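Engineer: My questions all concern the structure below.
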Amino acid sequence: MSDIAMLPTAHPIHAPATPDQISIGLARSRPDLCKALLATVNALSSANVVDERTVDRFVLVGWLEWRGTRVRLTEAGNLVYAFEARRAREALRLANDGSRRPATQGTAHSARA
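Residues 23 to 135 (our numbering) are what the sequence shown spells out, left to right.
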């Protein structure tokens, strides 16, 4: 038997993580970074000034990339951004529902009395 035949074969469970998987894992462990990405992308899309170090940090984690002179979301960054935007909309909806709910419940309760 040759040495090559004795080498272990790669198993899908033990395959190294892809950059996208690492980025998504980072998103799960750092919600503050996700919120900062949302704010940064919103500022960039509104042509507001963004600190260069902030952009560099998101390029480093793989959520933003330079395309010529423009900064764009990567595929992983787009997933993180969409998730965080959805979470922010849901939090806003719950806050709005919560602020209206007590008045509605009070009215319904007094109508039964």
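C-beta: ideal position from N, C-alpha, C; glycine also.
Just so we're clear, the structure is a prediction, and the values are computed from it rather than from any experiment.
With H, G and I counted as helix, E and B as strand and the rest as coil, what does DSSP make of V102?
Structural biologist: Counting from one through the sequence shown, the residue named residue 102 turns up at place 80. Helix.
Engineer: What does a CB cutoff of less than 7 Å around A135 pick up in its chain, not counting 5 residues either side in sequence?
Structural biologist: For the purposes of this step, residue 135 is taken as residue 113 along the sequence shown, with counting starting at 1. Residue placement at A135 is poorly supported in this model, since its pLDDT is 42, which falls under 50; the coordinates still yield a value, given next. Result list for A135: empty, nothing under 7 Å.
Engineer: Compare the Cα-Cα distances from R52 to each of V63, S67, F80, L66 and report the closest residue.
Structural biologist: For the purposes of this step, residue 52 is identified with residue 30 of the sequence shown, where counting begins at 1. Comparing Cα positions, the closest option is F80.
Engineer: L48 and V93 look like a contact to me (Cβ under 8 Å); what is the Cβ gap, rounded to whole Å?
Structural biologist: As a first step, residue 48 is located in the sequence shown; it is residue number 26 there, counting from the start. As a first step, residue 93 is located in the sequence shown; it is residue number 71 there, counting from the start. Not really, about 18 Å apart at Cβ, beyond 8 Å.
Engineer: If we count the other Cβ atoms within 10 Å of its Cβ and call it buried at 16 or more, is A98 buried or exposed?
Structural biologist: Working through the sequence shown from its first residue, we reach residue 98 at position 76. Burial call: buried.
Engineer: Please name the residue or residues paired with V93 in a DSSP beta bridge.
Structural biologist: Reading the sequence shown from its first residue, position 71 is the one you call residue 93. DSSP lists W88 as partners of V93.
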